[in-house]
Amino acid sequence: MSSPDLAEPVLLSLLGGGFVAAFLHAALPTHWLPFVLVGRAQRWSVAQVMTTVVTAGLAHIASTALVGSLIVAAGLALNRWVEGLLPHLSAALLFLLGAFYLAKASLKRTATAGGPAVDAGDGTGPAVSDRAAFLGLVLMMAVTPGEVLLPIYLSSATEGFWALGLLTLVFAAGTVLGMTLLAALATAGYSILRLERWARYEGAILGGALILIGFLVLTHQH
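Mapped onto my numbering, the consecutive letters of the sequence shown carry residue numbers 98 to 319.
And the structure:
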């Protein structure tokens, strides 16, 4: 596979869509709230929280890239057997995943205005060592590849290895930016409940974005 033409509109659209999808996926509370809560319990500085967030975010993308590479390899092999199947398969996966997030967002109950108070510790000090807390958070993200990003890998499989590498870098940038931004806001004292209310719309936005990327893949084939 040759180096991709960076001026190609489809490639630029895939990279842009990948960044948006990664950023929105990182807005899920599971991607930043644990770091805020553990940081408070461990009495970490902002620098310690951000270091943990960045390391965990990169581990999350590394595992996503590994699984994505395996899916791309399998998809290319299948595409050789059934010519032209790969784009339709990736678009179908994007549509299904987008519809899942839209349905999930529509069925999600509205949280009560007065949620439970955030437990910032009982004042007796950290329950575990800083090293154990750090490794636990990083491992939590490493063993959970971003399932939202995997169909986008498959949709760009025929663009070449350089395109897959660029897509991985874009995923890393969007994920780390989203995680650090929300974690930094919460750590700096902004209302966690307010951030969670905003994050509830992430599912609907992400679902719509995935469906749009699916249409882009199908349009490119025609």
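Beta carbons: idealized from backbone N, C-alpha and C, even for Gly.
The three-state reading of DSSP puts Pro126 in helix, counting H, G and I together.
Three or more Cβ pairs closer than 8 Å define a contact, and the segment 271–289 meets that threshold against the segment 124–134. Between the segment 263–274 and the segment 188–198 there are fewer than three C-beta pairs closer than 8 Å, too few to call the two in contact. A distance below 7 Å between beta-carbons, with the five flanking residues on each side excluded, links Pro242 to the following residues of its chain, in chain order: Ser160, Thr161, Val164. If you look at Leu232, you'll find it in the alpha helix (DSSP H) that goes 227–239. When rounded, the separation of the alpha-carbon atoms in Ala144 and Leu263 is 28 Å. Along the segment 241–289, the alpha helix (DSSP H) occurs as fully enclosed runs of 4 or more residues at 247–252, 258–284, listed in sequence order.
In this structure, His128 is the residue among Ala119, His128, Arg140 with its C-alpha nearest to the C-alpha of Leu234. Between Thr265 and Val133, the C-beta gap is not smaller than 7 Å, which leaves the two residues out of contact. Closest in C-alpha terms to Ala189, from the list Ser110, Leu251, Leu282, Ala170, comes Leu251. Counting C-beta atoms within 10 angstroms of its own C-beta, Leu236 has fewer than 16 neighbours from the protein chains shown and is therefore classed as exposed. Of the residues Gly305, Val267, Phe312, the one whose Cα lies closest to the Cα of Ala202 is Gly305.
For Ser142, the secondary structure class from DSSP, reduced to helix, strand or coil, is coil.
Counting the other Cβ atoms within 10 Å of the Cβ of Phe312 gives fewer than 16, which makes it exposed. Rounded to the nearest angstrom, the Cβ distance from Val245 to Ala118 is 6 Å, consistent with a contact under 8 Å. Setting aside the 5 residues that flank it on each side, Ala269 is surrounded in the same chain by Leu155, Ile158, each with a C-beta closer than 7 Å to its C-beta; the list follows chain order. Inclusion of Val135 and Ala230 in the CB contact set at 7 Å is warranted, their separation being smaller than that value.
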